Structures are given as structure tokens and as C-alpha cells.
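> Submitted below is the structure of interest, expressed as C-alpha cells.
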Amino acid sequence: MCIAAPAKVLEINNNIATCDFGGVKQEAKLDLVDADVGSYVLIHSGYAIEVLTEEAAKESLDTWDLLLEELENE
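Numbering (the numbering used here), first residue to last: 5 to 78.
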């Protein structure tokens with residue numbers, strides 16, 4: 005099973021984005037998408053694979069928060 009995580013693009017330098025995963029920063033290549041600073045992307049294996057609308061990103065992030073909360077309560 006492969007998981008793609010949503011993140012917000014904070015900065016772009018030479019087609020590599022610095023992205024925010026809920027406070028954790030990580031770099032991702034933008035070779036597969038046309039993203040701008042401030043946009044949300046799905047990241048898998050170091051690549052942004054899809055640009056998300058802000059609404060879709062919020063829904064996905066809320067779902068991740070619920071999942072992590074449930075895992076902490078086990």
C-alpha cells in the first residue's frame with residue numbers, strides 16, 4: 005500500500021519545494037506538477053504528485069488528524 009501525504013508548499017528553489025507537513029518540513033521535487041508557493045500538494049516518495057485545492061487539502065489533513073488521534077488512543 006502506498007500513501008501520499010498532503011503538504012503546503014512554503015518555498016520553491018530550482019523545482020524543489022520545501023513543504024510543511026503539520027510543522028515538519030521536507031523537500032519534494034516538483035517535476036510532475038505545476039505548483040506555486042502557498043499551494044497544497046500530495047507527496048509520495050519525495051515527489052509532489054498532485055496539486056490539491058485548499059478545500060481538498062483541509063479535508064485530507066482533518067482525516068489524517070483523526071487517524072493519528074485514534075492511533076494515539078490505542
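Just so you know, even glycine gets a beta-carbon here, dropped at the ideal spot from N, CA and C.
Since the structure is predicted, the reported quantities are computational estimates derived from the model, not experimental observations.
In this structure, does DSSP put L65 in helix, strand or coil?
Note: L65 maps to helix in three-state DSSP.
> E111 by DSSP, collapsed to three states: which one?
Past the boundaries of the shown model lies residue 111; the chain is included only from 5 to 78, so the question cannot be answered.
> What do you get for K12, buried or exposed, if any count of 16 or more other CB atoms within 10 angstroms of its CB means buried?
By the 10 Å Cβ count, K12 comes out buried.
> First and last residue of the beta strand (DSSP E) that includes D24?
That run of the beta strand (DSSP E) goes 20-25.
> Assuming L36 and A21 form a contact by the criterion Cβ under 8 Å, report the distance between their Cβ atoms to the nearest whole angstrom.
12 Å between Cβ atoms; not a contact.
> Based on Cα-Cα distance, which residue from E15, G26, L75 lies nearest to A61?
That would be G26, whose Cα lies nearest to the Cα of A61.
> Check E78 in the structure and name its three-state DSSP category.
Residue state, collapsed to three classes: coil.
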